[in-house]
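Numbering of the sequence shown is given in the working numbering, commencing with residue 123 and proceeding in unit increments.
C-beta atoms are modelled at their ideal positions from N, C-alpha and C, and glycine is treated no differently.
See structure below.
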Amino acid sequence: MIVELLTSTCMAVGTSFFLLYLGSFRSNTLEARITKIHKDQSVSKTAARAFRSRFSESRALYPNSKKALYELPDFIELLSMSLDSGDSVFNSIAQTSSRARGVVADQFQLLTQEMKFGSSFEFELNQISERLPNQQVREMCSKLILASARGSALASVLKEQGQSIRLQIQNQKIKQAGKNETRMMIPLVFLILPITILFALYPSVQLLNLEIL
């Protein structure tokens, strides 16, 4: 009798320890899963924030690059005139950016300010190319870098680029005008023309109905 009582007691104690161990194991596993889920959620939130910030930056840069294309010919013309007068590249950029207005002038004003604090000319031009992602801006910055490194003539090269940019803008306006003409044909064909035909045919149809009656 005593042996059976001891046996049942040992079995109960063992079962309770086993259940406690199983419960702690399950709780640890559940906590690990919850922690992993929180980590995954935080990583996904961080990735989403990075994507949204990069997307918003790209959307913000697009209108600036488009404005830069229209402002660049005038800025290049002023810069080439300053270079023809005998000023250095840095002094020409400083004078032109202080007198001009717009996105391009603001970026080159920032360049002159950063160079006064010790930044390099090539690095700041590369930063302008990144902030204004336009092919003509990149070409201008690369020409300025090469001219400052080799000491080559720059005014004539910039004048040619300014003329090519004006031609590019003119071609873009012609293409846009052609697209607008095509868009104007849609309401003309599908709305105005059918209404005109109905007004023209309505009296004839009325006369035919009267004759039949």
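Between residue i and residue j, which are expected to be in contact by the criterion C-beta below 8 Å, what is the C-beta distance as a whole number of angstroms?
i, j, result
"I215", "L191", "Actually they are not in contact, since the Cβ atoms of I215 and L191 sit about 19 Å apart, beyond 8 Å."
"C263", "L289", "With a Cβ gap of about 20 Å, C263 and L289 do not count as contacting."
"G224", "K188", "Contact doesn't hold; Cβ gap of about 12 Å is too wide."
"S270", "V211", "5 Å"
According to DSSP, is residue i part of a helix, a strand, or is it coil?
i, result
"A172", "A caution first: A172 carries a pLDDT of 45, below 50, which makes its placement in the model unreliable, though a value can still be read off. The answer is helix: DSSP assigns A172 an H, G or I state."
"N248", "helix"
"R223", "coil"
"D78", "The question about residue 78 has no answer, for the chain in this structure spans 123 to 335."
"G273", "coil"
"L254", "coil"
"F239", "coil"
With distances taken between CB atoms, is the gap from residue i to residue j smaller than 9 Å?
i, j, result
"L254", "K265", "no"
"I296", "Q258", "no"
"I198", "L280", "yes"
Between the alpha carbons of residue i and residue j, how many angstroms are there, rounded?
i, j, result
"A227", "V311", "46 Å"
"L239", "F230", "Inspection of the sequence shows that residue 239 is occupied by Phe rather than by Leu. F239 and F230: Cα-Cα distance of roughly 14 Å."
"S251", "M203", "23 Å"
"V304", "N331", "Note that residue 304 is Thr in the sequence shown here, rather than Val. Answer to the nearest angstrom: the Cα atoms are 39 Å apart."
"S241", "Q235", "9 Å"
"Q283", "S207", "19 Å"
"Q328", "I319", "14 Å"
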